[in-house]
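Enquirer: Have a look at this one before I ask anything.
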Amino acid sequence: MTPTAPTDLQRRCWAVLAGVALTGALASMGLATLGLYPETRDQPSALGGHPAGWAGVLPRAVDALAYFTHWSNLVVAVTAWRVARGGRPAAWERVLVLDALLMISITALVYAVVLAPTAQVTGWEHVTNPWVHVVTPVATVLLWLALGPRGWLTWWAVPAALLLPLTWVVLTLARGAVVDQYPYGFVDVVQLGLGRVLVNVAAIVGLGVVVAALYRLVDGLLEPGRSHDRAPDPGDPDRGFW
Numbered sequence: 001m002t003p004t005a006p007t008d009l010q011r012r013c014w015a016v017l018a019g020v021a022l023t024g025a026l027a028s029m030g031l032a033t034l035g036l037y038p039e040t041r042d043q044p045s046a047l048g049g050h051p052a053g054w055a056g057v058l059p060r061a062v063d064a065l066a067y068f069t070h071w072s073n074l075v076v077a078v079t080a081w082r083v084a085r086g087g088r089p090a091a092w093e094r095v096l097v098l099d100a101l102l103m104i105s106i107t108a109l110v111y112a113v114v115l116a117p118t119a120q121v122t123g124w125e126h127v128t129n130p131w132v133h134v135v136t137p138v139a140t141v142l143l144w145l146a147l148g149p150r151g152w153l154t155w156w157a158v159p160a161a162l163l164l165p166l167t168w169v170v171l172t173l174a175r176g177a178v179v180d181q182y183p184y185g186f187v188d189v190v191q192l193g194l195g196r197v198l199v200n201v202a203a204i205v206g207l208g209v210v211v212a213a214l215y216r217l218v219d220g221l222l223e224p225g226r227s228h229d230r231a232p233d234p235g236d237p238d239r240g241f242w
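Sequential numbering from 1 applies to the sequence shown in the UniProt record's numbering.
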């Protein structure tokens, strides 16, 4: 599948998405860092418990960076900015697009199924919570479905797109082993034990593989002028099965 360069319309729309995703992520992280979200931790192993005011700014900022939600929104912002720049993508940029779609989809799905039923939303979270968990995910997926760009997703990018989410898992568990605090209940080793957490992570990784593969299949189906009989492009790393 040969990747196409974004059109002017695609570039403008992805530039808007970059602004939406970045604004939502920075607003959520900024409010958390400044301590403007009410303390809602219900377990000693949940993130939080820092001093009020400026004394707690640095640890709150580190906590904000620990959330997969913020990672996924920032990845969308960077990816959207790359698409908005135009031009045909390098191999790593094709992986980045799939990473953005995969991570923001997992964010929305896990929030809706696992976290939302028990979420305590207060104050500014009534704005930022749906922004980073619903608005940006829906906008990202709908924009990609409607406008592409097409031909950027590859089969080899499916396993490669798991590297960034798995990096988050490793960092989360490593930090948790030191501070005994975790951003989400389903990765809380203190409450669940390492075995149960690894099962939860494996289930989400499995879901990620399915979601990434579905995006690759959809990209192939939506590619303009798609034909099983056309000759493969010798310069395309996704030629043939890949």
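Don't be surprised by glycine CBs; every beta carbon is placed ideally from N, CA and C.
Helix, strand or coil: how does DSSP classify TYR184 here?
Expert: As a working note, residue 184 is residue 184 in the sequence shown. Here TYR184 sits in coil by DSSP.
Enquirer: Quick one: what does DSSP say ALA66 is sitting in, helix, strand or coil?
Expert: Position 66 of the sequence shown, counting from 1, holds the residue named residue 66. Of the three classes helix, strand and coil, the one that applies to ALA66 here is coil, per DSSP.
Enquirer: Over what stretch of residues does the alpha helix (DSSP H) that includes GLN10 continue unbroken?
Expert: On the sequence shown, position 10 is the one that residue 10 refers to. Note, GLN10: alpha helix (DSSP H), 8-33.
Enquirer: Can you tell me which residues form a DSSP beta bridge with ALA46?
Expert: Stepping through the sequence shown from its first residue, residue 46 is reached at position 46. Paired residue(s): TYR182.
Enquirer: In chain order, what residues of the same chain have a beta carbon less than 8 Å from the beta carbon of LEU166, not counting five sequence neighbours either side?
Expert: Taking the sequence shown and counting its residues from 1, the one referred to as residue 166 is at position 166. Excluding sequence neighbours, LEU166 sits near VAL205.
Enquirer: Considering PRO137, what are the terminal residues of the alpha helix (DSSP H) in which it resides?
Expert: By one-based count along the sequence shown, residue 137 stands at place 137. 136-147 is the extent of the alpha helix (DSSP H) around PRO137.
Enquirer: Below 8 Å, how does it come out for the stretch 51-61 and the stretch 111-131: are there three or more Cβ pairs, yes or no?
Expert: No: the two stretches stay apart, fewer than three of their Cβ pairs being nearer than 8 Å.
Enquirer: Measuring only the C-alpha atoms, how far is ASN73 from THR23?
Expert: As a working mapping, residue 73 is identified with position 73 in the sequence shown. As a working mapping, residue 23 is identified with position 23 in the sequence shown. Going by the C-alpha atoms only, they are around 9 Å apart.
Enquirer: In whole angstroms, what is the alpha-carbon distance linking GLY30 and VAL62?
Expert: Here the question's residue 30 lines up with position 30 in the sequence shown. Here the question's residue 62 lines up with position 62 in the sequence shown. Rounded to the nearest angstrom, the two C-alpha atoms are 11 Å apart.
Enquirer: Leaving out the 5 sequence neighbours to the left and right, which residues in its chain are closer than 6 Å to ALA157 when beta-carbon positions are compared?
Expert: Against the sequence shown, residue 157 aligns to sequence position 157. Result list for ALA157: ARG94, VAL95, LEU98, in chain order.
Enquirer: Starting from THR107 and walking both ways along the alpha helix (DSSP H), at which residues does that stretch end?
Expert: Taking the sequence shown and counting its residues from 1, one reaches residue 107 at position 107. Element bounds for THR107: 91-110.
Enquirer: How many Å lie between ARG230 and ALA64 at the Cα?
Expert: As a working mapping, residue 230 is identified with position 230 in the sequence shown. As a working mapping, residue 64 is identified with position 64 in the sequence shown. For ARG230, the predicted model reports a pLDDT of 40, less than 50, meaning its position is unreliable; a value from the coordinates is still stated below. Going by the C-alpha atoms only, they are around 49 Å apart.
Enquirer: How close, in whole Å, do the beta carbons of ALA159 and THR172 come, if the pair is a contact with beta carbons under 8 Å?
Expert: Numbered from its first residue, the sequence shown carries residue 159 at position 159. Numbered from its first residue, the sequence shown carries residue 172 at position 172. In the sequence as presented, Ala is not what sits at residue 159; that position holds Pro. Actually they are not in contact, since the Cβ atoms of PRO159 and THR172 sit about 20 Å apart, beyond 8 Å.
Enquirer: Classify TRP242 as helix, strand or coil using the three-state DSSP reduction.
Expert: Against the sequence shown, residue 242 aligns to sequence position 242. Only weak support exists for where TRP242 lies, its pLDDT of 46 falling under 50; the coordinates are left without a value.
Enquirer: Assuming ALA77 and ALA18 make a contact with CB atoms under 8 Å, what is their CB distance in whole Å?
Expert: Along the sequence shown, read from residue 1 onward, the residue named residue 77 stands at position 77. Along the sequence shown, read from residue 1 onward, the residue named residue 18 stands at position 18. With a Cβ gap of about 5 Å, ALA77 and ALA18 count as contacting.
Enquirer: Compute the Euclidean distance between the alpha carbons of ASP219 and ARG88, then round it to the nearest angstrom.
Expert: Start at 1 with the first residue of the sequence shown, and residue 219 comes out as number 219. Start at 1 with the first residue of the sequence shown, and residue 88 comes out as number 88. Cα-Cα distance, rounded: 16 Å.
Enquirer: Is the distance from the Cβ of ALA136 to the Cβ of ILE104 below 8 Å?
Expert: Translated into positions along the sequence shown, residue 136 becomes position 136. Translated into positions along the sequence shown, residue 104 becomes position 104. Contrary to the premise, residue 136 reads as Thr rather than Ala in this sequence. The answer is yes: Cβ separation under 8 Å.
Enquirer: What's the call for LEU101, buried or exposed, on a 16-neighbour Cβ count within 10 Å?
Expert: Residue mapping note: residue 101 aligns to position 101 of the sequence shown, counting from 1. Buried, because 16 or more other Cβ atoms sit within 10 Å of the Cβ of LEU101.
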